[in-house]
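In my numbering, the protein residues as written are 1 to 120. Note sheet for the following structure.
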């Protein structure tokens with residue numbers, strides 16, 4: 001799969017994606033540092049990329065209907081956690097191939113102990 005990595009996730013997210021044979025494009029590398037959510041969403045939609053983010057604004061299906069995207073994945077990241085924790089959460093998500101297959105047109109909320117998937 002091809003993913004757009006929002007700037008609130010660690011830069012090393014792209015390396016983890018590569019480890020699992022996925023492509024990751026970091027928003028910071030394509031001129032989207034500090035961009036509005038709507039701009040990030042538009043690029044994800046235009047390029048057919050699944051969005052990876054920690055920003056729960058993307059959970060608003062009225063503004064970001066999942067059916068219009070290759071998938072929106074929001075990681076629940078508690079405050080005061082380490083980068084290692086975040087990367088571990090991302091890696092455990094990527095190991096769940098059956099969930100990855102369901103992503104197009106869906107919203108996924110990833111927590112440490114579960115993944116919730118919502119249709120759009």
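All residues carry an ideal CB built from backbone N, CA and C; glycine is no exception.
Report the rounded CA-to-CA distance for residue i versus residue j, giving the unit in angstroms.
| i | j | result |
| --- | --- | --- |
| residue 117 | residue 93 | 12 Å |
| residue 3 | residue 48 | 9 Å |
| residue 114 | residue 31 | 33 Å |
| residue 35 | residue 87 | 23 Å |
| residue 6 | residue 83 | 15 Å |
| residue 107 | residue 69 | 9 Å |
| residue 91 | residue 66 | 22 Å |
| residue 99 | residue 37 | 24 Å |
When DSSP labels each residue in this structure, what does residue i get in the three-state scheme?
| i | result |
| --- | --- |
| residue 110 | strand |
| residue 118 | strand |
| residue 101 | helix |
| residue 2 | strand |
| residue 9 | coil |
| residue 77 | coil |
| residue 25 | strand |
Does residue i pass the burial test, meaning 16 or more other C-beta atoms within 10 Å, or should it be called exposed?
| i | result |
| --- | --- |
| residue 56 | exposed |
| residue 85 | exposed |
| residue 29 | exposed |
Inspect the beta-carbon positions of residue i and residue j and report whether they are closer than 8 Å.
| i | j | result |
| --- | --- | --- |
| residue 64 | residue 41 | yes |
| residue 59 | residue 89 | no |
| residue 109 | residue 61 | no |
| residue 103 | residue 50 | yes |
Less than 8 Å between the CB atoms is what I'm expecting for residue i and residue j, so what's the real figure, rounded?
| i | j | result |
| --- | --- | --- |
| residue 54 | residue 8 | 4 Å |
| residue 44 | residue 26 | Wrong, their Cβ atoms sit about 13 Å apart, outside the cutoff. |
So does residue i have its beta carbon nearer than 7 Å to some heavy atom of the ligand COA?
| i | result |
| --- | --- |
| residue 81 | As presented, the structure is devoid of all ligands, the ligand COA included, so that no description of it is given. |
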